[in-house]
Amino acid sequence: MDLKHIKCKEHDWQSCAMFCLTCDISVCTTCISKIHNGHGLVEINEGYNIKMEKLKNEHKKAKEKIDELTKRKREMSHVDIASSRQYKDLIEKIEAQNAKIKNAADKYTEEIKRDVSKKLSDLQKEEFSKVDNVIDNLHTLSLNAGAVIHSHNFTQVLTEYETLSQAINLAETGLGTISFHFQQRYLRIS
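Residues in the sequence shown are numbered from 1 upward in steps of one, following full-length UniProt numbering.
Quick look at the structure:
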């Protein structure tokens with residue numbers, strides 16, 4: 001092989017004269033004097049042989065890697081992922097976890113529904129109790145008013161009128177407030 005006419009990459013008007021082992025490149029005399037002075041230099045033929053051996057080694061590695069990857073690909077093509085035991089186990093675990101999550105959500109929903117029902121029931125009982133107290137109070141005052149009406153006692157009429165009037169006003173305001181608060185607190189849907 002004629003290696004005397006290989007042009008220098010840096011100085012294209014000159015041919016390479018040596019091969020720099022330090023930089024792994026063929027060099028001309030100008031390169032040697034400016035950049036590669038003191039580097040390990042060998043004749044161009046020897047540099048060619050060194051590079052040829054390196055190329056052959058890399059070529060061999062490439063073929064081995066191709067063979068290895070081709071074999072692995074062939075082995076992988078025989079595996080049916082969907083029927084593999086690991087795949088099936090993983091899918092079963094995912095489905096089991098999904099069922100647990102759904103079950104937990106259902107339990108939590110039922111718990112919230114029970115709590116809301118209990119709170120509404122307790123509040124309703126409390127409201128009924130308040131209304132019953134107002135009815136009892138008004139009933140007692142009404143009976144007293146009836147007795148005073150038949151007594152024709154002016155002082156008692158004035159006193160009983162004020163008491164009954166205040167109780168009626170309080171009952172109207174209080175009952176309206178009770179109903180309003182009950183609806184606002186517990187029957188509002190967001």
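Quick reminder that beta carbons are idealized off the backbone N, C-alpha and C, glycines included.
These numbers come from a predicted model, not from an experiment.
Item                                                                                 : Value
Where residue 9 falls: helix, strand or coil (DSSP)                                  : coil
Helix, strand or coil at residue 35 according to DSSP, with G and I counted as helix : coil
Neighbour-count burial assignment, residue 145, 16 or more Cβ in a 10 Å radius       : buried
Through-space distance from residue 111 to residue 129, alpha-carbon basis           : 27 Å
Element boundaries [beta strand (DSSP E), containing residue 41]                     : 41 to 43
Residues near residue 95 in its chain [Cβ-Cβ closer than 6 Å; skip 5 each side]      : none
6 Å CB neighbourhood of residue 161 in its chain, flanking five on each side removed : none
Start-to-end residues for the beta strand (DSSP E) that takes in residue 26          : 25 to 27
Extent of the continuous beta strand (DSSP E) to which residue 20 belongs            : 18 to 20
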